[in-house]
Structures are given as structure tokens and as C-alpha cells.
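Going by my numbering, the sequence shown wraps up at 1235, each residue one higher than the last. Presented below is the structure to which this report refers.
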Amino acid sequence: MARWVGRRQRAEGTTMRLHSTAEILQIYQQKGRQLYGGEAVSQLEHALQCATFAEAADQPTAMIVSCLLHDIGHLLIEPFQLLEPFQYPFADGIASDHDTHADCASAVLRELFSPAVTEPIRLHVEAKRYLCAVEPGYWQSLSAASQQSLEHQGGIFGLEAAQAFIAQPYAAEAVQLRRWDDSAKVVGLPTADLSHFAPMLMACASGSALESG
Ligand SMILES: [Fe+2]
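Below, the structure is given as C-alpha cells:
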């Protein structure tokens, strides 16, 4: 068992859950200053830029929230910074050498949000593998850190896997999220702050979650 086991809040036996939008906002307020992987922006800056791009494109609220929260998995995995590069935990606490932050995030958010929010998040890493397979020049357009992490995310899809991926519900939304994700690494880019997006989180959260939040 990895060292983080026992430090995470768990529900339903194996997986942590978030029960209110207030908890989510608190996570970004407390941990959002962490750097976003090998990039020059923080996790919070990256999240706000991604959500701002979606809002500027007149996307539905669920998509904006999905963009805002797509990398919350990195913040939920508290000892992430202490691990060797590209050593990630699964949501159930078992160590992995694969990047599982998308699976962690979607599992943790499932109690609060509909699939329109959680599924693009779950699929956004695979969307990179897909775009590398089908779009000439896409891999070259990625940042050095994103090119490097691809290897630990399973590498470029083959043709069959790419076709199976894009046939899934919410795969198109995940591809769109991915494009904003790739662009949301601009140092000093002005965006709205977290409080601007808080009402959108509330609007997308389930009724039971609002009551407990
Ligand atoms: Fe991201």
C-alpha cells in the first residue's frame, strides 16, 4: 500500500467523494498554487484559463464546469508532489505508474455532478491520445511536459482504439476540453477568478449536494 492510504476520506468502501461545491472551492483555494505539472502556471491558473476559454466560446454551463475541474484529480491526490515523477495513485489507493488523475477526478465528482460534467473529465487524457493519432501536427503542438506525460498515459492510440474512443458518449466534448486544456498554460493571462465560476458549480451540482453544502 502506498503512503497516502488512510489519509484520504473514503466513501462506499474504496473511493473518496466530494459532497459539496464548498469543498471543491476550498481545495482550489488551499492547493491551487501548486504548479501545473511541468508548466509555468499554477493549477488554479490553468483551471481558470480552461474554464474561461469554454465560457468565451458560449459553451453550456456543464462544459465550463468540466473545464474548470478537469485536473482536480491532481489536487485530490495530496501526496502527489512527494511521489516520483509519473507515479500516480488509483482512486482506491493502489500505486500505479500510469496517470490516473482523470479517473480519480471523475469518480470523486460523480456524486455531485452529472455525466455532462464528469465524462469529459474522465476522457480528457484519452482525448490527447486520440488527437495524437488522428490529427497531423497535434503531437508537435503539445508542450514538452505534455509530450513527456503522454508516454505515461498510454501513448498514442492505434486506429482501432481511436475509432472506439471517439464513438463513446462525451468523447467529442472531451476532445474540445482537451484543446482548451492544451492552450490554458499562458503565464499572466487575465481571467475571471474562482468566485465567478462558483455559481456555475452550484447550478450544476445535484440538489442533495446543495443541501449538504
Ligand atoms: Fe489540464
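Backbone N, C-alpha and C fix where the C-beta goes; we use that ideal spot for every residue, glycine too.
Asked: Residue 1134 (DSSP reduced to helix, strand or coil); Found: coil
Asked: Cβ-based neighbour list, residue 1131, same chain, cut-off 6 Å, excluding 5 preceding and 5 following; Found: 1140
Asked: Three-pair Cβ contact test at 8 Å for the stretch 1146–1153 versus the stretch 1183–1192; Found: yes
Asked: Check: residue 1080 C-beta below 7 Å from any heavy atom of ligand 1; Found: no
Asked: DSSP three-state assignment for residue 1219, whether helix, strand or coil; Found: helix
Asked: Residue 1092 CB to nearest heavy atom of ligand 1 below 7 Å; Found: yes
Asked: Below-8 Å beta-carbon distance, residue 1046 vs any chain D residue; Found: The chain labelled as chain D is not found in the depicted structure, where only one protein chain is given.
Asked: Any non-hydrogen atom of ligand 1 within 7 Å of residue 1203 CB; Found: yes
Asked: C-alpha gap between residue 1142 and residue 1136, whole angstroms; Found: 11 Å
Asked: Cβ contact check for the stretch 1209–1216 and the stretch 1065–1075: 3 or more pairs under 8 Å; Found: yes
Asked: Rounded separation between residue 1096 and residue 1185 - CA only; Found: 28 Å
Asked: Within 8 Å, strictly: CB atoms of residue 1227 and residue 1090; Found: no
Asked: Local Cβ density within 10 Å of residue 1057, reported as buried at 16 or more and exposed below that; Found: exposed
Asked: Per-residue burial, residue 1077 [other beta carbons within 10 Å of its own, 16 or more giving buried]; Found: buried
Asked: Proximity below 8 Å, CB of residue 1244 to CB of residue 1059; Found: Because the chain spans 1023 through 1235 in this model, residue 1244 falls outside it and cannot be assessed.
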